[in-house]
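Read the structure below first, then the notes.
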Amino acid sequence: MRGLIEFTNYCKNDCYYCGIRCSNKNISRYRLNLEQILECADLGYKLGYRTFVLQGGEDNYFTDDKIVEIIKSLKYKYDDCAITLSIGEKSYDSYKKFFHAGADRYLLRHETATEEHYKKLHPKNLKLSNRINCLRDLKEIGYQVGAGLMVDSPY
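In this note's numbering, the protein residues as written are 121 to 275.
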């Protein structure tokens, strides 16, 4: 069983289908701090969860150093647990830092398998080729990698 910790719903991207896209002004935004994240993990651990999925939008507030601190804190407190990240596209160096801090898995959905369809779902600054390269980087670093397609796309 996996326990999802949705720690931020801020996102720098404006993916057309996404409820947390940056242009959506109709939602209440939030960010959990380290203490709140650890409280969620504590509850999950007591309920039997041994994988924690840290999931959120691509929020620049959470720098690499902050993500590393979260991972290390979780691993220190719950050394028998796996950590999965689902925080979007990052640089190779960022992925490596997270892995060395103790992240085990990474979920990066690519939503679709064709460039044409990807363009309908995303603004011009986002490219399917970059998403695929990120997936390759994650695998090369040593993560267990999860990817996924969107079913019943709005386009």
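By construction, the Cβ of each residue, glycine as well, lies at the ideal position given by its N, Cα and C atoms.
Inset, instruction - Just tell me which of Cys-254, Leu-246, Tyr-238, Val-265 has its CA closest to the CA of Tyr-275. - result: Tyr-238
Inset, instruction - Could you round the C-beta distance between Arg-251 and His-220 to whole angstroms and report it? I think they count as a contact, below 8 Å. - result: Not confirmed; about 23 Å, so no contact.
Legend entry - Rounded C-alpha distance that separates Asp-185 from Asn-146: 30 Å
Legend entry - Environment of Tyr-263 [buried if 16+ CB atoms lie within 10 Å]: buried
Inset, instruction - Just list the beta strand (DSSP E) runs in the segment 208-274, keeping only unbroken ones of 3 residues or longer that don't cross its boundaries, in chain order. - result: 225-227, 264-266
Legend entry - Limits of the unbroken alpha helix (DSSP H) element including Glu-189: 184-197
Legend entry - Residues near Gly-123 by beta carbon distance below 6 Å, same chain, minus five either side: Gly-164, Tyr-169, Phe-172
Legend entry - Endpoints, the beta strand (DSSP E) within which Glu-126 is located: 122-128
Inset, instruction - Give every residue of the same chain whose Cβ lies closer than 8 Å to the Cβ of Tyr-181, excluding the five residues on either side of it in the sequence, and list them in chain order. - result: Thr-128, Tyr-130, Arg-151
Legend entry - Same chain, Cβ closer than 6 Å to Glu-209, neighbours up to 5 away in sequence not counted: Cys-254
Inset, instruction - List the whole-angstrom C-beta distance separating Ala-223 from Tyr-198, where the pair is believed to meet the contact cut-off of C-beta under 8 Å. - result: In fact, because the Cβ distance is near 13 Å, the residues do not count as touching under 8 Å.
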